[in-house]
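Q: Have a look at this one.
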Amino acid sequence: MATDGSHDTADNREHRDATARDLFTEQTMTDFPVASMPRPDCVREPQALVLIAEDEPQIADILVAYLKRSGFRTAHARDGQQALDMHLALKPELMLLDVLMPNVDGWQVLAQVRQRGHTPVIMLTAQDQDMDKLMGLRIGADDYIVKPFNPAEVVARTQAVLRRSIAYHDRACPTVLRVDAFEIDLESYEATVTLAGRRVPLALTVTEFRLLAQLAKAPKRVFSRAELLAQCSPESDSLERTVDSHISKLRRKLEDLGVQGVPTCIRGVGYRFGSVV
C-alpha cells in the first residue's frame with residue numbers, strides 16, 4: 001500500500017520515479033554518483049547533522065549522498081510528523097524541509113520548529129511562487145530552494161546558512177550586546193543608548209527589553225512576529241499582533257529620546273533592529 005492508502009502498483013512506482021527524476025537537471029543526474037565530486041571546504045562544524053524532511057525517496061537519497069560526501073551527518077524524515085519528532089529528538093544543526101509533506105505540511109512543521117528555537121531551515125518546493133517565498137520568510141525560513149535543483153547547490157546553500165547560524169550564535173554568547181549606540185546587558189536587564197556623547201538609560205518593560213535584545217543579537221536579520229512572540233513575550237500573550245503593540249511602545253520610547261528607525265518594520269515579514277538615525 002502507498003502512504004496515501006492507494007495500491008503501490010508498478011505503474012505508480014514508475015510514475016513516482018519519473019517525477020523524482022524530473023526534480024533534478026539533466027546535468028545533475030549525469031554528475032551522480034558523487035564519488036568523483038571534489039570535497040568542498042566544509043563549514044566550521046564538519047559533522048553537523050542535517051535533517052532531511054522529504055517524502056520522495058530518490059530525492060532524499062541523492063541529498064544524503066551529496067551531504068555525506070561534504071562531511072555532514074544526515075537523518076531522513078518521510079513525513080511532517082516524523083520530521084517534528086526527529087527534530088525534537090535529534091536536535092539537528094539544520095533542516096532541509098519539503099513544503100508538500102504528508103500528515104503535516106512543511107509550513108506547519110516550520111512554524112513549530114520556529115516556536116522551539118532557532119534551528120536553521122531551508123525550504124524545498126516545486127512551486128516558484130512569490131507568495132510561497134513570502135510565507136516562508138514570514139514564518140522564519142532561512143533560505144528557499146525551488147525544484148528542480150542541483151544537489152551541489154543545496155550543499156552550498158546548506159554550508160552558507162550554517163556559517164551564518166554559527167556566526168549568529170557566536171555573537172549571542174556575550175552577556176553585553178553593543179549595536180550602534182546601544183549597549184544591552186543581558187544579565188542585569190539594563191540597556192543604554194549613547195546620544196551626543198552621553199549614555200542614557202532606557203526605561204523598558206521586561207518584554208520591551210527582550211525584544212530589543214533579540215533584535216540586537218542579529219541586527220541585519222528580519223525576525224517574524226511568530227519568532228518574537230515565542231522568544232520575548234509572556235505566556236499570556238498568544239496573538240502575534242501583541243508583538244506589534246510592544247514594538248510600537250518600544251519605538252515610541254526611543255523616539256522620545258531622539259532615536260529614529262529602531263526597530264524597523266519590514267512589511268509583510270516582521271522586524272529587524274534597524275539603525276540609529
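So the sequence shown is numbered by UniProt numbering: it starts at 1 and just counts up by one. Glycine included, each C-beta is placed from N, C-alpha and C at the ideal position. Owing to the predicted nature of the structure, the values given are computational and were not obtained by experimental measurement.
Quick check on L186: does DSSP put it in helix, strand or coil?
A: Of the three classes helix, strand and coil, the one that applies to L186 here is coil, per DSSP.
Q: Got a sec, what are the start and stop residues for the alpha helix (DSSP H) A89 sits in?
A: That run of the alpha helix (DSSP H) goes G80 to L90.
Q: By Cβ distance, which residues of its chain are closer than 8 Å to L63, with the 5 residues on each side in sequence left out?
A: Excluding residues within five positions, the ones whose Cβ falls inside 8 Å are I52, E54, T74, L96, P151 and V154.
Q: Does the separation of the CB atoms of V104 and D142 fall below 9 Å?
A: No. Outside cutoff.
Q: Which residues mark the beginning and the end of the beta strand (DSSP E) in which L212 is found?
A: Careful: L212 lies outside any beta strand (DSSP E), inside the alpha helix (DSSP H) at V206 to K217.
Q: Could you check whether L250 and L177 sit closer than 9 Å to each other, using their CB atoms as the reference points?
A: Not closer than 9 Å, so no.
Q: Compute the Euclidean distance between the alpha carbons of E208 and I247, then round it to the nearest angstrom.
A: Cα to Cα, E208 sits roughly 7 Å from I247.
Q: Just checking my contact of I145 with W107 at CB under 8 Å: how many whole Å lie between their CB atoms?
A: At roughly 16 Å, the Cβ-Cβ gap does not stay under 8 Å, so I145 and W107 are not in contact.
Q: Would you mind sorting R210 into buried or exposed? The rule is 16 or more other CB atoms within 10 Å of its CB.
A: The residue is buried, with at least 16 neighbouring Cβ atoms inside 10 Å.
Q: Under 7 Å Cβ to Cβ from V113, same chain only, skipping five residues before and after it: list those, please.
A: Answer for V113: H87, M95, T119 and V121, listed in chain order.
Q: Would you mind working out which of V193, F72, R221 and S245 sits nearest L254, comparing C-alpha positions?
A: Looking at the Cα atoms, V193 is the closest of the given residues.
Q: Cβ atoms of R267 and R221: under 9 Å apart, would you say?
A: No. Outside cutoff.
Q: With H, G and I counted as helix, E and B as strand and the rest as coil, what does DSSP make of G136?
A: If DSSP states are grouped into helix, strand and coil, G136 belongs with the helices.
Q: Span of the alpha helix (DSSP H) holding V262?
A: Note, V262: premise wrong, no alpha helix (DSSP H); not H, not E.
Q: Between Q127, L67, G136 and E93, which lies nearest to V109 when the distance is taken from Cα to Cα?
A: The residue with the shortest Cα to Cα distance from V109 is G136.
Q: Note down, in chain order, each residue of its chain lying with its Cβ closer than 8 Å to the Cβ of K68, except the 5 sequence neighbours on either side.
A: Answer for K68: T74, listed in chain order.
Q: For the alpha helix (DSSP H) containing H76, name the first residue and the last one.
A: Where H76 is concerned, there is no enclosing alpha helix (DSSP H), although the beta strand (DSSP E) it sits in stretches over R73 to A77.
Q: Pop quiz: L215 and F223 are said to be a contact at Cβ under 8 Å. What is the actual Cβ separation, rounded to whole angstroms?
A: Indeed, because the Cβ distance is near 6 Å, the residues count as touching under 8 Å.
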